[in-house]
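Asker: Listed in order, the protein sequences are those of chains R and Y. Our numbering applies: residue 207 is where the first sequence begins, and numbers increase by one. Our numbering applies: residue 207 is where the second sequence begins, and numbers increase by one.
There are 2 protein chains.
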Amino acid sequence: MRESYHEELTSVVTDLVTMTDRVQTAVQDATRALLTTDLAAAEKVIGDDVVLDRLHDDLEQRCFSLLARQSPVAGELRTLVAALRMVADLARMGDLSAHIAKIARMRYPRGAVPESMQPNFQRMAVLASEMVEAAGRTLRERNVLDAEKMADHDEEIDELRTHQFRVLLDDSWNHGVEAAVDCALLGRYYERIADHAVLMGSRVIYIVTGLHPEGENWTIA
Amino acid sequence: MRESYHEELTSVVTDLVTMTDRVQTAVQDATRALLTTDLAAAEKVIGDDVVLDRLHDDLEQRCFSLLARQSPVAGELRTLVAALRMVADLARMGDLSAHIAKIARMRYPRGAVPESMQPNFQRMAVLASEMVEAAGRTLRERNVLDAEKMADHDEEIDELRTHQFRVLLDDSWNHGVEAAVDCALLGRYYERIADHAVLMGSRVIYIVTGLHPEGENWTIA
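#1: Taking only the alpha-carbon atoms, compute the straight-line gap between Val218 of chain R and Leu345 of chain R and give it to the nearest angstrom.
#2: Which residue comes first and which comes last in the alpha helix (DSSP H) that contains Arg316 of chain Y?
#3: Give me the Cα-Cα distance between Gly416 of chain R and Thr216 of chain R, rounded to the nearest whole angstrom.
#4: I want to verify the contact list: residues of chain Y whose CB lies under 7 Å from the CB of Arg409 of chain R, in sequence order.
#5: Cβ of Leu273 of chain Y less than 8 Å from any chain R Cβ?
#6: Mind pulling the alpha helix (DSSP H) runs of 4 or more residues that sit fully within the region 340-401 of chain R?
#7: Give, in chain order, every residue of the region 300-317 of chain Y whose Cβ lies closer than 9 Å to some Cβ of chain R.
#8: Start and end of the alpha helix (DSSP H) containing Leu265 of chain R?
#9: On a Cα-Cα basis, can you pick out the residue from R:Tyr412, R:Glu282, R:Asn349 and R:His359 that is closest to Ile181 of chain R?
#10: For my contact list, Val338 of chain R and Val414 of chain R are in at a C-beta cut-off of 8 Å; report their separation, rounded to the angstrom.
#11: For Glu384 of chain Y, return the contacting residues in chain R, with the cut-off set at a CB-CB distance below 9 Å.
#12: I'd like to check one pair, Val287 of chain R with Phe270 of chain Y: are the Cβ atoms closer than 8 Å?
#13: Check whether the region 224-235 of chain Y touches the region 271-282 of chain Y, taking contact to mean three or more Cβ pairs, one atom from each stretch, closer than 8 Å.
#14: 8 Å is my cut-off, CB to CB: does Ala367 of chain Y come that close to chain R?
#15: For Ile411 of chain R, which option in R:Val256, R:Ser210, R:Gly342 and R:Ile363 has the closest C-alpha, if you only look at C-alpha atoms?
#16: Ends of the alpha helix (DSSP H) at Leu222 of chain Y?
#17: In or out: Ala246 of chain Y buried (at least 16 other Cβ within 10 Å) or exposed?
#18: Can you tell me whether DSSP reads Val279 of chain R as helix, strand or coil?
#19: Anything in chain Y within Cβ reach of Leu283 of chain R, meaning under 9 Å, just list it in chain order.
#20: Per the contact definition of three or more C-beta pairs closer than 8 Å, is the region 249-257 of chain Y in contact with the region 378-397 of chain Y?
#21: In terms of alpha-carbon separation, which member of Y:Tyr314, Y:His369, Y:Leu222 and Y:Gly407 lies closest to Met323 of chain Y?
#22: Please list the partners that Val319 of chain R has in chain Y, where partner means a Cβ-to-Cβ separation under 9 Å.
#23: Determine the chain Y residues that contact Ala461 of chain R at a beta-carbon separation under 8 Å, and present them in chain order.
#24: Between the alpha carbons of Leu261 of chain Y and Lys250 of chain Y, how many angstroms are there, rounded?
#25: Measuring only the C-alpha atoms, how far is Ala307 of chain R from Pro315 of chain R?
#26: Using a C-beta to C-beta distance shorter than 8 Å, which residues of chain Y count as neighbours of Arg260 of chain R?
#27: Leaving out five residues on either side along the sequence, give the residues of the same chain with a beta carbon under 7 Å from the beta carbon of Ala297 of chain Y.
#28: Taking a Cβ distance cut-off of 8 Å, strictly less, list which residues of the region 285-298 of chain Y are near chain R, in chain order.
#29: Please check the pair Leu272 of chain R and Glu214 of chain R, which I expect to be a contact at CB under 8 Å, by giving their CB distance rounded to whole angstroms.
#30: Spatial neighbours of Ala236 of chain R within its chain, please: C-beta separation below 6 Å, excluding the five flanking residues on both sides.
#31: Quick check on Ser210 of chain R: buried or exposed, where buried means 16 or more other Cβ atoms within 10 Å of its Cβ?
#32: Residues of chain Y with CB under 7 Å from Arg238 of chain R, in chain order?
#33: If we define contact as Cβ-Cβ less than 8 Å, is Arg394 of chain R a contact residue for chain Y?
#34: If you draw a straight line from the alpha carbon of Arg311 of chain R to that of Asp244 of chain R, how long is it in whole angstroms?
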């Protein structure tokens with residue numbers, strides 16, 4: 207039996223929320239791979255990225271199809287346009303998690319992050335994961351306030367990243383070039399995951415209000 | 207006098223091409239800032255990024271408005287959906303150029319890239335700039351073959367990046383941690399500019415054929 211238009215639209219949003227859950231798992235698994243040198247977790251994230259890419263292609267196709275067949279207007283058009291962007295955000299967060307897992311795998315059985323830097327990355331990873339979770343909840347509940355709160359988390363991520371550079375570039379850094387390069391790129395990947403979570407929040411605000419949030423916290427760094 | 211729907215749609219594409227030209231200039235100026243320690247060029251790229259962001263917001267708004275008012279179908283719907291993504295690609299390439307310029311500014315009056323690495327970055331920058339130019343031409347001329355050729359350029363970028371890591375992480379590297387971290391991030395930024403150019407090419411293929419290109423060269427790394 208053919209689903210009705212509204213059922214199709216609802217199932218796009220439901221599947222976006224499910225995809226967000228999967229991306230959160232990817233971020234958490236990648237972090238476990240990285241900070242506990244868990245090779246199986248690294249392989250899982252890298253393998254699951256293919257599944258996320260397939261989800262992306264399927265959801266994107268359904269959005270296009272709805273746009274083409276139904277010529278939606280107002281709130282429904284906004285939802286579909288926002289869904290197209292969110293599915294791209296989510297695929298990108300999956301890619302970034304796989305990048306993290308690949309660095310973990312490349313350095314195995316050693317750890318990529320020196321012990322002194324682990325608390326910083328641990329905190330960054332918790333924040334990034336919470337932001338992905340908040341993005342999913344925001345989307346599920348259309349809760350604009352939650353979306354705005356995410357920007358604060360993003361600020362702490364920026365501070366952690368600044369701290370990373372201070373440590374990496376200090377004369378007392380004695381872990382060599384490889385660890386420094388790894389940490390610089392890993393920090394970048396977590397930062398970008400957080401940026402995409404913030405963007406997802408801003409897309410929900412757009413669905414609910416029809417407006418794009420203003421202000422520095424919402425621009426892409 | 208109010209523009210007709212088709213005139214509005216044509217002017218969106220024309221302005222996307224113009225924005226692509228500006229992004230190419232940003233990539234070139236950022237490279238000059240980086241490789242000839244040209245502080246004025248760095249400031250120009252960083253300042254112009256605000257203009258690119260404004261162009262992005264304006265074009266995005268016009269796409270939304272056309273989608274909402276005209277309920278386009280078939281080729282026109284594809285053009286608008288692709289335009290929304292291209293304008294996001296272009297804004298992102300502008301951000302990445304500004305990131306490059308900021309590293310150049312931060313290290314001024316020293317250069318961020320050691321002399322031995324300059325030919326590698328020079329080549330990477332030429333390829334990235336040519337790819338942005340090809341993306342603009344592809345869009346202007348709806349030339350699918352040109353879009354497919356871009357994937358080859360992207361492969362050379364990947365090889366240059368692999369070479370960078372080999373040099374950075376070799377025991378003979380004697381430029382210290384800061385230069386290594388700078389080079390790793392700079393390489394990442396050029397690589398991402400190239401990725402977005404490839405994506406723009408794939409969006410043109412989508413406009414022309416209605417199909418998303420398949421194959422490894424088209425996935426986002």
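Beta carbons are placed, not taken as given, at the ideal position from N, Cα and C, and that holds for glycine. Just so you know, these numbers come straight off a predicted model, no measurement behind them.
Answerer: Quick look at the numbers:
#1: Within the first sequence, numbered from 1, the residue matching residue 218 of chain R stands at position 12. Within the first sequence, numbered from 1, the residue matching residue 345 of chain R stands at position 139. Cα to Cα, Val218 of chain R sits roughly 11 Å from Leu345 of chain R.
#2: One-based indexing of the second sequence puts residue 316 of chain Y at position 110. Neither: Arg316 of chain Y is in no alpha helix (DSSP H) and is coded neither H nor E.
#3: On the first sequence, position 210 is the one that residue 416 of chain R refers to. On the first sequence, position 10 is the one that residue 216 of chain R refers to. Distance from the CA of Gly416 of chain R to the CA of Thr216 of chain R, rounded to the nearest whole angstrom, comes to 18 Å.
#4: For the purposes of this step, residue 409 of chain R is taken as residue 203 along the first sequence, with counting starting at 1. Those within 7 Å of Arg409 of chain R in chain Y number zero; the least Cβ separation is about 12 Å.
#5: By 1-based counting over the second sequence, the position of residue 273 of chain Y is 67. Yes, contact with chain R.
#6: 350-374
#7: Asp301 and His305
#8: Taking the first sequence and counting its residues from 1, the one referred to as residue 265 of chain R is at position 59. Leu245 to Gln276 is the span of the alpha helix (DSSP H), which, as asked, contains Leu265 of chain R.
#9: Any answer about residue 181 of chain R is impossible in this case: the structure gives chain R only from 207 up to 427.
#10: As a position in the first sequence, residue 338 of chain R is number 132, starting the count at 1. As a position in the first sequence, residue 414 of chain R is number 208, starting the count at 1. In fact, because the Cβ distance is near 19 Å, the residues do not count as touching under 8 Å.
#11: By one-based count along the second sequence, residue 384 of chain Y stands at place 178. Those within 9 Å of Glu384 of chain Y in chain R are Leu374, Leu375 and Ala386.
#12: Reading the second sequence from its first residue, position 64 is the one you call residue 270 of chain Y. Reading the first sequence from its first residue, position 81 is the one you call residue 287 of chain R. Yes, Cβ-Cβ distance for Phe270 of chain Y and Val287 of chain R is below 8 Å.
#13: no
#14: Position 161 of the second sequence holds residue 367 of chain Y. The sequence shown places Arg at residue 367 of chain Y, not Ala. So no, Arg367 of chain Y is outside the interface.
#15: Reading the first sequence from its first residue, position 205 is the one you call residue 411 of chain R. Comparing Cα positions, the closest option is R:Gly342.
#16: For this step, residue 222 of chain Y is matched to residue 16 along the second sequence. Tyr211 to Leu241 is the extent of the alpha helix (DSSP H) around Leu222 of chain Y.
#17: Within the second sequence, numbered from 1, the residue matching residue 246 of chain Y stands at position 40. Its Cβ having fewer than 16 others within 10 Å, Ala246 of chain Y is exposed.
#18: As a first step, residue 279 of chain R is located in the first sequence; it is residue number 73 there, counting from the start. Coil, per DSSP.
#19: In the first sequence, the residue the question calls residue 283 of chain R occupies position 77. One finds Phe270, Leu273, Ala274 and Ser277 in chain Y with Cβ atoms closer than 9 Å to the Cβ of Leu283 of chain R, taken in chain order.
#20: no
#21: Working through the second sequence from its first residue, we reach residue 323 of chain Y at position 117. With distances taken between Cα atoms, Met323 of chain Y lies closest to Y:His369.
#22: The residue you call residue 319 of chain R lines up with position 113 of the first sequence. Near Val319 of chain R there are no residues of chain Y at all, since even the closest Cβ is about 15 Å away, more than 9 Å.
#23: Outside the displayed span of chain R (207 to 427) sits residue 461 of chain R, for which this structure offers no information.
#24: Residue numbering aside, residue 261 of chain Y sits at position 55 when the second sequence is read from its first letter. Residue numbering aside, residue 250 of chain Y sits at position 44 when the second sequence is read from its first letter. In a straight line, the C-alpha of Leu261 of chain Y is about 16 Å away from that of Lys250 of chain Y.
#25: What you label residue 307 of chain R is simply residue 101 of the first sequence in a count that begins at 1. What you label residue 315 of chain R is simply residue 109 of the first sequence in a count that begins at 1. Their backbone Cα atoms lie some 13 Å apart in a straight line.
#26: Counting from 1 along the first sequence, the entry for residue 260 of chain R is found at position 54. Here the premise fails: no neighbours, minimum Cβ distance about 12 Å.
#27: On the second sequence, position 91 is the one that residue 297 of chain Y refers to. If we look at Ala297 of chain Y and ignore the five residues flanking it on each side, its Cβ neighbours are Leu258, Asp259 and His262.
#28: Listed by position along the chain: Val287, Leu290, Arg291, Ala294, Ala297 and Arg298.
#29: Counted from its first residue, the first sequence places residue 272 of chain R at position 66. Counted from its first residue, the first sequence places residue 214 of chain R at position 8. Indeed they touch by this definition, with Cβ atoms about 6 Å apart.
#30: Locating residue 236 of chain R in the first sequence gives position 30, where the first residue counts as 1. So the qualifying residues of the chain are Val251, Ser303, Ile306 and Ala307.
#31: On the first sequence, position 4 is the one that residue 210 of chain R refers to. With fewer than 16 Cβ atoms within 10 Å of its Cβ, Ser210 of chain R is classed as exposed.
#32: If you number the first sequence from 1, residue 238 of chain R lands on position 32. Here the premise fails: no neighbours, minimum Cβ distance about 23 Å.
#33: Against the first sequence, residue 394 of chain R aligns to sequence position 188. Arg394 of chain R counts as touching chain Y.
#34: For this step, residue 311 of chain R is matched to residue 105 along the first sequence. For this step, residue 244 of chain R is matched to residue 38 along the first sequence. Spanning the alpha carbons of Arg311 of chain R and Asp244 of chain R requires a straight line of approximately 8 Å.
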